[in-house]
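What follows is a set of notes on a single structure, which appears directly below.
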Amino acid sequence: MSESETPKPAPASLVPPLLDAARTVIMTVDDDPGVSRAVARDLRRRYGASYRIVRAESGESALEALRELKLRGDLVAVILADYRMPQMNGIEFLEQALDVYPGARRVLLTAYADSNAAIDAINIVDLDHYLLKPWDPPEEKLYPVLDDLLEAWRCSDFRPMPSTKVVGHRWSARSSDVREFLARNQVPYRWYSTDEPEGQRLLAAAGQDGQRLPVVITADGTALVEPEVPDLAAHVGLATTPTADFYDLVVIGGGPAGLGAAVYGASEGLRTVLVERSATGGQAGQSSRIENYLGFPDGVSGGQLTDRARRQATKFGAEILSAREVTGLESSGAARLVRFADGSQIAAHSVILATGVSYRQLEAPGADELSGRGVFYGSALTEAAACQGHAVYIVGGANSAGQAAMYLSRGAKSVTLLVRGADLTASMSHYLIQQIAESPNIFVRAHTVVEAAHGENQLAQLTLRDTMSGQTELVDAQWLFVFIGAAPLTGWLDGTVSRDERGFILAGPDLTADGRPPVGWELDRPPYHLETNIPGVFVAGDARAESAKRVASAVGEGAMAVMLVHRYLEQS
């Protein structure tokens, strides 16, 4: 990093109020040392008194610096990246930087010949601006752009806020659940282990001895001990209470299908509420990289896609309720009643069931006891940092397992995919199979299942069995991620909505396969394509019988379900 120069203070309006300026960063990334120093020099001259100027000379080193800043709780207001960099160009870097600091304003430095790439980046990474080099004089070509971006950052939803603190033990299952809940709901938090002095200090301040964990200290200083999800959600600012008793449309489930339905329902004038029991995004929201989704040729993380969809839905006026479990659905005349676990209810003209699926639990001795303590279900993103340098095992052979393997392989010593079948071709996309084959530290063990998990307070070993020979092997393992099966979350619909033998919801033609209407169907028309055996109740996404189990198809079904809702309302 170059030496500081005598700075000229930035306008007072650009300094965020109640902010430690020494911990607010403007970052510049350029592989040319001369250009890098020049950019940093110009930035310090204008903004050095109000912001820290951090420079890096490669995308990899810049990402490392961003992660360190994040861990320290520092803020990043603007990131400027050169387009032409080896190994990782500016667009690729900014896309990964989004995962670390989604609120930072992003600027691409580019030559005139690369201006088309900059225009493409506007769609890929939500680029805020691109600057043509050279930018002399900075007073005309650089500073006005930065002034506007800093002002926009200061006024945005990402303006500095005190973060939530989580104090827990590394191998506490409940601590793991809380971290997963906060991360998936994009609630900023800082983790403090009870083994560290700062963790002990926070426990003492909360009047706790560490016997009951985790302790969550909210931004306003409230200490929550072993909080239940609804209480935690309410205290960290997530909406949990509906604003009305009656809606045009209730969407149950916040995965891609539910978010798609919420966006299209609200944008087309329906008073819409989406109800999610955990976190929006579903299984797709936990994916480190989705590379076959239309419109994102360089891939997009599940978190980014979920965040954009959620913001889009709320922009159009949809309500999103978190940590609300739906336990019942019934008809009351023209209304459809949705009941919650706490006994309350809301009503609507129509309902879209987008409850998705969950990973099946690993049926091996010891696995249940070690859940959250080395055995994890779809938690690769949250736990990845702790896997650095370790051997990791993954159970599953579908896309979610492959995406997790690629992500974890960046820092893990080795990643071993345990596959019951002969290979990965049965359920994994070809592009992922190719990537795995080209990764030197990812290994695939075919015809292999987990026979047992061993450990006292945390996972220590696994017994693996070859399903062809019957031979078993005991291996050392601290990390096991499970991505198997697709169990529909539809048990609460017993006695109301028709389902197949596996619990997936039947709709449209599947309800009239014998040429007769469903039992109890009173309308003089057959059910619409995504309509269940209850008129006005539709299904979209992975919970539907024989669905495609892909993000794009789930989003499409969410949109189609809204179209059918309109048709139903017009004829009601």
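Counting from 1336, one number per residue, gives the positions in the sequence shown under our numbering. All C-beta atoms, glycine included, are put in the ideal place defined by N, C-alpha and C.
Residue environment: Thr-1802 is assigned as exposed (fewer than 16 neighbouring CB atoms within 10 Å of its CB, all protein chains considered).
Ile-1840 places its beta carbon 7 Å or farther from that of Arg-1902. Counting only the Cα atoms, Glu-1392 lies some 53 Å from Phe-1675. Considering only Gln-1796, Val-1779, Phe-1631, Phe-1778, the residue with the shortest C-alpha distance to Glu-1786 is Gln-1796. DSSP lists Val-1692 as the bridge partner or partners of Pro-1823.
Val-1585 is positioned such that its CB atom lies closer than 7 Å to that of Ala-1683. For the region 1577–1613, the continuous beta strand (DSSP E) assignments of 3+ residues that do not extend past its boundaries occur at 1581–1587, 1607–1610, in sequence order. Our two residues, Gln-1723 and Ser-1679, have alpha carbons roughly 45 Å apart in a direct line. Unbroken beta strand (DSSP E) stretches of 3 residues or longer found wholly inside the region 1640–1690: 1654–1656, 1661–1667, 1670–1675, 1680–1688, given in chain order.
Cβ neighbours of Arg-1834 within its own chain (closer than 8 Å, five residues either side excluded): Pro-1823, Thr-1825, Leu-1828, Ile-1840, Leu-1841, Ala-1880.
The shortest CA-to-CA distance from Arg-1646 to any of Ala-1597, Arg-1659, Leu-1753 is the one to Ala-1597. With respect to Val-1817, Leu-1697 sits close: the two C-beta atoms are nearer than 7 Å. In the structure shown, Ala-1574 adopts coil according to DSSP, grouped into three states. The alpha carbon of Ala-1740 has as its nearest neighbour, out of Arg-1708, Asn-1776, Asp-1703, the alpha carbon of Asn-1776. Per DSSP, reduced to three states, the secondary structure at Glu-1866 is strand.
Residue burial annotation: Asp-1417 is buried, with at least 16 other C-beta atoms found within 10 angstroms of its C-beta. With fewer than 16 other Cβ atoms from the protein chains shown falling within 10 Å of its own Cβ, His-1765 counts as exposed.
Nearest to Leu-1444 by alpha-carbon distance, out of Thr-1641, Leu-1466, Glu-1718, Pro-1591, is Leu-1466. With a 10 Å radius around the Cβ and a threshold of 16 neighbouring Cβ atoms, Leu-1809 comes out exposed.
As the crow flies, the alpha-carbon of Val-1360 is around 6 Å from that of Ala-1412. Sequence-distant Cβ neighbours of Thr-1529 in its own chain, meaning closer than 8 Å and more than five residues away, are Val-1502, Gly-1503, His-1504, Gln-1535, Leu-1538, Gly-1545, Leu-1548. Note that the C-beta distance between Leu-1609 and Ile-1681 is not below 7 Å.
Where Arg-1525 is concerned, the enclosing beta strand (DSSP E) starts and stops at 1524–1528. Here DSSP, grouped into helix, strand and coil, assigns Leu-1705 to coil.
In the three-state reduction of the DSSP assignment, Asp-1801 falls in the strand class.
Counting the other CB atoms within 10 Å of its CB gives Lys-1500 a total of 16 or more, which places it among the buried residues. DSSP places His-1464 in the strand class (E or B) of the three-state scheme. Counted as a single uninterrupted DSSP element, the beta strand (DSSP E) harbouring Lys-1500 occupies residues 1499–1503. Apart from sequence neighbours up to five positions away, the residues of its chain that approach Lys-1405 with a beta-carbon distance below 6 Å are Val-1435, ordered along the chain. Residue range 1478–1490 is occupied by the alpha helix (DSSP H) that includes Leu-1484.
Excluding its 5 nearest sequence neighbours in each direction, Val-1480 has C-beta neighbours in its own chain below 6 Å: His-1464, listed in chain order.
Straight-line measurement puts the Cα of Arg-1379 at about 50 Å from the Cα of Ser-1693.
When secondary structure is reduced to three states using DSSP, Met-1898 falls in the helix class. Within its own chain, the residues whose Cβ lies closer than 6 Å to the Cβ of Ser-1744, once the five positions on either side in sequence are excluded, are Val-1750, Ser-1774, Asn-1776, Ile-1777, listed in chain order.
Short of 6 Å from the beta carbon of Arg-1695, and not among the five residues preceding or following it, lie these beta carbons of its own chain, in chain order: Ile-1819, Gly-1820, Ala-1822.
For the pair Gly-1855 and Ser-1685, the CB atoms are not nearer than the 7 Å cut-off.
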